[in-house]
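Okay, so the sequence shown: first residue is 1134 according to our numbering, each after it adds one. Here's the structure, in structure tokens; my notes come after.
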Amino acid sequence: MSTFTLDQIWETFLQQLRLVDNDLTTNTISYQTFIYLRWDGPREPLEQALQHAAGRAMRGKIVTASIRYVRMTDLNEYVYAIRFLVPLRKRFCCGNGCTDCILLKS
């Protein structure tokens, strides 16, 4: 598995979303990223597009996405709160003899 950064995941995610709305905007407040998307149809296809874009961005990585609908603005923009979450527990042995080594849990 290759190394990655959350910035790379965000870049891929936003590239995929720009296929849905090229004029999307993002706003980060207190480490929470909000995405503003113009969409004329119902919410369900838009949420499917968000899930699909997140899936493409996370492919091959141990990351999960949290996508939450927030509101609709006066400008007919859907607002979603998006987070990519990295697991906190170790999944491999680094060979340094750590006290929380995955090999000791077997």
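A virtual CB, placed ideally from N, CA and C, is assigned to each residue, including glycine.
Determine the direct distance from the alpha carbon of LEU1170 to that of ASP1154, and round the result to whole angstroms.
Within the sequence shown, residue 1154 is the residue found at index 21, counting from 1. Within the sequence shown, residue 1170 is the residue found at index 37, counting from 1. CA-to-CA, the gap between ASP1154 and LEU1170 works out to about 6 Å.
Per DSSP, cross-strand counterpart(s) of GLU1210
Taking the sequence shown and counting its residues from 1, one reaches residue 1210 at position 77. Per DSSP, ARG1171.
Please name the residue in ILE1215, GLY1188, GLY1174 whose C-alpha comes closest to that of ILE1162.
Here residue 1162 corresponds to residue number 29 of the sequence shown, with the count starting at 1. That would be ILE1215, whose Cα lies nearest to the Cα of ILE1162.
Thinking C-beta only, is VAL1196 closer than 8 Å to LEU1242?
A question about residue 1242 goes unanswered here, because the residues of the chain that appear run from 1134 up to 1239.
When you compare each of MET1191, ALA1186, GLU1210 to ASP1156 by their alpha carbons, which one comes out closest?
Counted from its first residue, the sequence shown places residue 1156 at position 23. The residue with the shortest Cα to Cα distance from ASP1156 is GLU1210.
Could you tell me which residues DSSP puts in a beta bridge with MET1205?
Walking along the sequence shown from the start, residue 1205 turns up at place 72. For MET1205, which the question treats as bridged, DSSP gives the partners TYR1211.
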